[in-house]
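One structure is given here, and the rest of the page talks about it.
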Amino acid sequence: GENVEQHPSTLSVQEGDSAVIKCTYSDSASNYFPWYKQELGKGPQLIIDIRSNVGEKKDQRIAVTLNKTAKHFSLHITETQPEDSAVYFCAAWKAAGNKLTFGGGTRVLVKP
Amino acid sequence: EADIYQTPRYLVIGTGKKITLECSQTMGHDKMYWYQQDPGMELHLIHYSYGVNSTEKGDLSSESTVSRIRTEHFPLTLESARPSHTSQYLCASSDWAAYNEQFFGPGTRLTVL
Chain A
1 GENVEQHPST
11 LSVQEGDSAV
21 IKCTYSDSAS
31 NYFPWYKQEL
41 GKGPQLIIDI
51 RSNVGEKKDQ
61 RIAVTLNKTA
71 KHFSLHITET
81 QPEDSAVYFC
91 AAWKAAGNKL
101 TFGGGTRVLV
111 KP
Chain B
113 EADIYQTPRY
123 LVIGTGKKIT
133 LECSQTMGHD
143 KMYWYQQDPG
153 MELHLIHYSY
163 GVNSTEKGDL
173 SSESTVSRIR
183 TEHFPLTLES
193 ARPSHTSQYL
203 CASSDWAAYN
213 EQFFGPGTRL
223 TVL
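So, in C-alpha cells, the structure goes:
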C-alpha cells in the first residue's frame, strides 16, 4: 500500500519567516496530494491541493510543489503569522485505493 | 449550512462501558470515514463506508464497530471500553468526485478510566 512520510515533525519559525514542510510517497500511482491544517480542538481542514499533472500551485501565502519523478511534494508558507500555528498533514490519494493516506503531521509554531 | 457533526465532543467513562460516538453530515456525501488520532498527531483510518449498508475496516485494527443505515449517519460503537481506547476520534465525509476533499468533524476526545 501507499506510505507517506512527512518532515519535520515540529517546526518553529519567527513571524514573517517562511516555513517548508516536505513529504514523500511510495506509490507512483498516487495522483492527488492535498494538505490539511488542524487547529487546536478542531478537525483537519483542506488548505490546498495539487494534482499529478501540475508541478506547482499557489494560493496567497501558501504554495505546494510536486516532483513526480522523485515522488515528493512540499508545502511552503511565506510571511508566516501567529494564526498559521497548527498541525499540518500532507496526504496522497490514488483511484485504485480509493482512500487518502496521511503523513505523520508537522506541528508548526509561529513565534511573534 | 452543510456541515459534519460529532457528539459528544468529550467523553469520560469507566472500563467495561458500552459507548457510541455519533457522526452526522448534511452534505449528502456517500463516503464516510472514522479516524483515530493518537497524541503523536498521526491519523489512523479505522473504518470507512461507501454508502448505505457498506462498511469496511481501515488500515488500523480496531475493536470498534460501525453501521451505515442512513446516508447522513455513521455511528461508531465500542461494546466494552478499555483504557487502551483512550484517544481522539475524527469522523469525515467526502463525495464520489475523483479528487475528493474530505470534510472532518471536530472530533470526540474519549477517555476511558
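Chains A and B, in that order, are what the protein sequence lines are.
For the first sequence, position 107 matches number 107 in my numbering, and the numbering has no gaps at all.
For my numbering, count along the second sequence from 1 and bump the result up by 112.
Backbone N, C-alpha and C fix where the C-beta goes; we use that ideal spot for every residue, glycine too.
CB contact check: residue i to chain A, cutoff 8 Å
i              : result
residue 160(B) : yes
residue 214(B) : yes
residue 218(B) : yes
residue 154(B) : yes
residue 172(B) : no
residue 157(B) : yes
residue 202(B) : yes
Neighbour flag for residue i against chain B, beta carbons, 8 Å
i              : result
residue 8(A)   : no
residue 89(A)  : yes
residue 55(A)  : no
residue 107(A) : yes
residue 42(A)  : yes
residue 146(A) : In this structure chain A extends from 1 to 112, so residue 146(A) is not present and cannot be described.
residue 11(A)  : no
residue 25(A)  : no
residue 49(A)  : yes
Whole-Å CB distance - residue i paired with residue j, under 8 Å assumed
i              : j              : result
residue 78(A)  : residue 18(A)  : 5 Å
residue 149(B) : residue 196(B) : Not quite, the Cβ-Cβ distance comes to about 15 Å (not below 8 Å), so this is no contact.
residue 211(B) : residue 32(A)  : 5 Å
residue 74(A)  : residue 20(A)  : 6 Å
residue 72(A)  : residue 22(A)  : 6 Å
residue 106(A) : residue 11(A)  : 6 Å
residue 15(A)  : residue 108(A) : Rounded, the Cβ-Cβ distance is 12 Å, inconsistent with contact.
Residues bridged to residue i [DSSP beta-bridge criterion]
i              : result
residue 185(B) : 136(B), 182(B)
residue 4(A)   : 25(A)
residue 144(B) : 161(B), 205(B)
residue 45(A)  : 37(A)
residue 107(A) : 10(A), 87(A)
residue 32(A)  : 51(A), 93(A)
residue 177(B) : 189(B)
Local Cβ density within 10 Å of residue i, reported as buried at 16 or more and exposed below that
i              : result
residue 69(A)  : exposed
residue 40(A)  : exposed
residue 160(B) : buried
residue 34(A)  : buried
residue 95(A)  : exposed
Local conformation of residue i per DSSP, three classes
i              : result
residue 197(B) : helix
residue 218(B) : coil
residue 84(A)  : helix
residue 71(A)  : coil
residue 172(B) : coil
residue 38(A)  : strand
residue 56(A)  : strand
residue 155(B) : strand
residue 167(B) : coil
residue 122(B) : strand
Residues that residue i contacts on chain D, provided the C-beta gap is smaller than 7 Å
i             : result
residue 46(A) : Within the model displayed, chain D is absent; protein chains A and B are what it includes.
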